[in-house]
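If you read the protein sequences in the order shown, they are chains X and S. If you're matching positions, the first sequence starts at 1 in this note's numbering and goes up one per residue. If you're matching positions, the second sequence starts at 1001 in this note's numbering and goes up one per residue. Just so it is clear, CB atoms sit at the ideal spot from N, CA and C, and this is done for glycine as well.
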Amino acid sequence: MIVASNVSKSYGAACVVDGVSLQLPKGGITSIIGPNGAGKSTLLSMVSRLMAMDAGTVTVGGLDVSKAASDELARRLSILRQDNHMTARLTVRDLVSFGRYPYTKGRLTLDDKEHIERAIRYLDLAALSERFLDELSGGQRQRAFVAMVLAQDTDYVLLDEPLNSLDMKHASAMMKLMKRAATELGKTVVLVLHDINFAGWYSDYIVAMKDGRVAAQGPAAEMIQPQVLSEIYEMEIAVHELAGQRISVYYG
Amino acid sequence: MHDLRSRPHPELVEGRGRNTKAATGSTSWIDKLTMRPSRPLIVLAALTLLALLSIALFMTLGAKGNWSFVLGFRGKKLLSLVLVAYAVAVSTVLFQTVTNNRILTPSIMGFDALYMLIKTSTVFFLGVGALTSIDSQLQFVVEVLAMVTFSGLLFRWLFLGEERSLHLLVLVGIIFGILFRSMSALMQRMLDPGAFNVLQDTMFASFATTDPTLLGISTVIVLAVSVVGWRLMHSFDVLSLGRAHAINLGVDYKRTVAIILVLVAILVSVSTALVGPVTFFGLLIATLAHGLIGQSKHRYVLPAAVLLAIVALVGGQTLLERVFAFDTALSIIIEFLGGAVFIFLVLRRSAR
Chain X
1 MIVASNVSKS
11 YGAACVVDGV
21 SLQLPKGGIT
31 SIIGPNGAGK
41 STLLSMVSRL
51 MAMDAGTVTV
61 GGLDVSKAAS
71 DELARRLSIL
81 RQDNHMTARL
91 TVRDLVSFGR
101 YPYTKGRLTL
111 DDKEHIERAI
121 RYLDLAALSE
131 RFLDELSGGQ
141 RQRAFVAMVL
151 AQDTDYVLLD
161 EPLNSLDMKH
171 ASAMMKLMKR
181 AATELGKTVV
191 LVLHDINFAG
201 WYSDYIVAMK
211 DGRVAAQGPA
221 AEMIQPQVLS
231 EIYEMEIAVH
241 ELAGQRISVY
251 YG
Chain S
1001 MHDLRSRPHP
1011 ELVEGRGRNT
1021 KAATGSTSWI
1031 DKLTMRPSRP
1041 LIVLAALTLL
1051 ALLSIALFMT
1061 LGAKGNWSFV
1071 LGFRGKKLLS
1081 LVLVAYAVAV
1091 STVLFQTVTN
1101 NRILTPSIMG
1111 FDALYMLIKT
1121 STVFFLGVGA
1131 LTSIDSQLQF
1141 VVEVLAMVTF
1151 SGLLFRWLFL
1161 GEERSLHLLV
1171 LVGIIFGILF
1181 RSMSALMQRM
1191 LDPGAFNVLQ
1201 DTMFASFATT
1211 DPTLLGISTV
1221 IVLAVSVVGW
1231 RLMHSFDVLS
1241 LGRAHAINLG
1251 VDYKRTVAII
1261 LVLVAILVSV
1271 STALVGPVTF
1281 FGLLIATLAH
1291 GLIGQSKHRY
1301 VLPAAVLLAI
1311 VALVGGQTLL
1321 ERVFAFDTAL
1331 SIIIEFLGGA
1341 VFIFLVLRRS
1351 AR
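What follows is the structure in structure tokens.
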């Protein structure tokens, strides 16, 4: 379980995350949705210790993220942000291999190699595995980074907009993969998503943020409701039942 | 409302095209697979040969008279050049790794200027007597400690907080460099001419006349730094992925980066003490090493940079002294080439 209590962060005078308290259930997929600038990515960065919080505490599976040893956390929790610009020149396989660093500090065992190959296969990267990252398209690179996180094999997987620059096929494949990781391997997956239909279709639990606070939270079916969504995004959003799923329509 | 996702993403079209190319033109990546591991090794082997050749020529070319004298005399010079090559190459590559850029180097950030300022302050405040009466090795150790303290503060402020823009860092570095240099210059003007002469002697970058008194202590320091660096070796590659990935993968980021920056400061002190400040040499070496190796693994890039630096210094010095009969021009040539590389990198970066 991820527990945040009274977490705050300001940049200068602007308060981006304002005293958020939150309990994310263990297991399943939790999506964090909300308009731009709601503080979703900042919250995720603080939960994953990439960013120091101004106030409050976060525990992940009982470990306090600002106190626990970084390498112990790295075996428990993985994070992938949206901006993965990189000066280093590496192949896809090199990158995925870094996922095993928390376990063996660079000396790969047979078990590590198995994890690496499995992650490469899962993300459909076998044909690209010897290519350098700077020779790939944005979507292919995104999959390579997710493969690294998968090779890290942590109980908690945090992804900031993992569907960025993925086409429809790979976006839904990515979400199915997350679903499988949650159901078959018992991982807890937390995603920041912009596409509320992907969020509604695949998530078990949805947290909506607005202006640095949690505006609403609940099981996906309760959250994909016209009143709830219209309030959060401040626009007309219709919700239709299609093939047993609730689909939001907001293109008009 | 306008939504980005309702448009076909340009990346998508491009991605598809490249995807099919990878699938059909599979020979190209198989070629790559079989060729790739050997490229760094071939480069390293070639550089090792070149470095050994430079050293052999440096020691023997144009030698007349007593061999034991020639070898002893040139051996000391060779050792200082190799130490400088090692210090500059390792400090630059590690600095670029932890700061996650390929343009800034400790010298461009004004760190040899800081060392010169410390040296000038010693003379200014303690008098020239200090420079001549205190044991030069002890003096060197104190200077290195001062350097580590000051640069440590500056580095921490610049690189350990939130990520800062590269342009800001370049600007800060240049301004600090000018500040340190102007403060040194001010103090030098206020010195009496005799003291200034003694100080000036230690300040000019010259590969022809290195300071022999500091060889022993420099060797010990460089070895100690290497031992500490060796123990951190496994974290270098992870750090080159950038701050967020390094933290995600469990590197104790602040501590590791702080240690590496201390090592860098020590190495900069050693090279500046031996031959004076060289601004663009490190950049030239690190850029060439990364380009030749073609990938970022430190177990290839670090030795390549060291070997390149040895070839450039020892080979270049031999060429100039023995073939062209010039004396102090090597630093000028290296600075010219390095400066050109710097401008090229800055322009290419802003073009993107």
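Cutoff 8 Å: residue i Cβ touching any chain X Cβ
{"i": "V1251(S)", "result": "yes"}
{"i": "L1241(S)", "result": "yes"}
{"i": "A1244(S)", "result": "yes"}
{"i": "S1227(S)", "result": "The sequence as given places Val at residue 1227(S); Ser does not occur at that position. It does not; no Cβ of chain X falls within 8 Å."}
{"i": "S1151(S)", "result": "no"}
{"i": "Q1295(S)", "result": "yes"}
The alpha helix (DSSP H) enclosing residue i, as first and last residue numbers
{"i": "A238(X)", "result": "Note, A238(X): premise wrong, no alpha helix (DSSP H); beta strand (DSSP E) at 238-242."}
{"i": "L1114(S)", "result": "1111-1126"}
{"i": "P226(X)", "result": "226-233"}
{"i": "A1051(S)", "result": "1038-1060"}
{"i": "I103(X)", "result": "Ile is not the amino acid found at residue 103(X); the sequence shown has Tyr there. From DSSP, the alpha helix (DSSP H) with Y103(X) extends over 101-104."}
{"i": "D112(X)", "result": "110-122"}
{"i": "Y1086(S)", "result": "1067-1099"}
6 Å CB neighbourhood of residue i in its chain, flanking five on each side removed
{"i": "G99(X)", "result": "M148, A151, Q152"}
{"i": "L1261(S)", "result": "F1155"}
{"i": "T1027(S)", "result": "Note that T1027(S) scores 44 on pLDDT, short of 50, meaning its location in the model is unreliable; the coordinates nonetheless yield the value given after this. Counting only Cβ-Cβ distances below 6 Å, and skipping sequence neighbours, we find nothing."}
{"i": "T1024(S)", "result": "Bear in mind that the predicted position of T1024(S) carries a pLDDT of just 38, short of 50, making it unreliable; the figure below should be weighed with that in mind. There are no such residues."}
{"i": "E241(X)", "result": "none"}
{"i": "S129(X)", "result": "V92, R93, I120"}
Residues near residue i by beta carbon distance below 7 Å, same chain, minus five either side
{"i": "S21(X)", "result": "A4, S5, N6"}
{"i": "G1015(S)", "result": "In this prediction, G1015(S) has a pLDDT of 37, which is less than 50 and means its spatial position is unreliable; nothing more can be read from the coordinates."}
{"i": "T955(S)", "result": "What the structure shows of chain S is the stretch from 1001 to 1352, and residue 955(S) is not part of that stretch, so it cannot be assessed."}
{"i": "V207(X)", "result": "L22, T30, I32, V214, Q217"}
{"i": "V1142(S)", "result": "none"}
Minimum Cβ-Cβ distance from residue i to chain S less than 8 Å
{"i": "G106(X)", "result": "yes"}
{"i": "M86(X)", "result": "yes"}
{"i": "A126(X)", "result": "no"}
{"i": "Y156(X)", "result": "no"}
{"i": "P35(X)", "result": "no"}
{"i": "S41(X)", "result": "no"}
{"i": "L90(X)", "result": "yes"}
{"i": "C15(X)", "result": "no"}
Proximal residues of chain S, C-beta to C-beta of residue i below 7 Å
{"i": "D153(X)", "result": "The premise fails here: D153(X) is roughly 12 Å from chain S at the closest Cβ pair, so nothing lies under 7 Å."}
{"i": "R49(X)", "result": "I1247"}
{"i": "I79(X)", "result": "N1248"}
{"i": "P102(X)", "result": "L1249, G1250"}
{"i": "S172(X)", "result": "Chain S residues near S172(X): none, gap ~13 Å exceeds 7 Å."}
Contact set between residue i and chain S, taken where Cβ atoms lie within less than 9 Å
{"i": "D134(X)", "result": "Simply none; closest approach about 11 Å."}
Listed by chain order, chain X residues near residue i by CB distance under 7 Å
{"i": "R1102(S)", "result": "T87"}
{"i": "S1091(S)", "result": "Under the 7 Å cutoff, chain X gives no residues; its nearest Cβ is about 17 Å from S1091(S)."}
{"i": "K1238(S)", "result": "Checking the displayed sequence, the identity of residue 1238(S) turns out to be Val instead of Lys. Under the 7 Å cutoff, chain X gives F98, Y101."}
Start and end residues, beta strand (DSSP E) containing residue i
{"i": "V207(X)", "result": "205-210"}
{"i": "D1135(S)", "result": "No beta strand (DSSP E) holds D1135(S); DSSP gives it neither H nor E."}
{"i": "T30(X)", "result": "28-33"}
Contacts that residue i makes with chain S (C-beta to C-beta distance below 8 Å)
{"i": "L229(X)", "result": "Simply none; closest approach about 13 Å."}
{"i": "L73(X)", "result": "G1250"}
{"i": "S70(X)", "result": "I1247, G1250, V1251, D1252, Y1253"}
Within chain X, partners of residue i - CB distance below 9 Å
{"i": "Q1188(S)", "result": "Going along chain X, no residue has its Cβ under 9 Å from Q1188(S), so there is no contact; the nearest lies around 38 Å."}
Other residues of its chain near residue i: CB distance less than 8 Å, five sequence neighbours each side excluded
{"i": "L1337(S)", "result": "F1280, L1284"}
{"i": "D258(X)", "result": "Any answer about residue 258(X) is impossible in this case: the structure gives chain X only from 1 up to 252."}
{"i": "T104(X)", "result": "D112"}
{"i": "F1176(S)", "result": "M1109, G1110, A1113, L1114, L1154"}
{"i": "T1048(S)", "result": "L1307"}
Discussion item. Report the start-end ranges of each alpha helix (DSSP H) in the segment 168-199 of chain X that is 4 residues or longer and not cut off at the edges.
Written reply: Entirely contained in the segment 168-199 of chain X, the alpha helix (DSSP H) runs reaching 4 residues are, in chain order, 168-184.
Practice prompt. For the segment 1178-1246 of chain S, list the alpha helix (DSSP H) runs that are entirely contained and at least 4 residues long, ordered along the chain.
Written response: 1193-1201, 1215-1239
Worksheet item: Curious, which full-length alpha helix (DSSP H) runs of at least 4 residues does the segment 1291-1350 of chain S contain?
Response: 1298-1310
Worksheet item: Which full runs of the alpha helix (DSSP H) of 4+ residues lie inside the segment 28-81 of chain X, going along the chain?
Response: 40-47, 70-74
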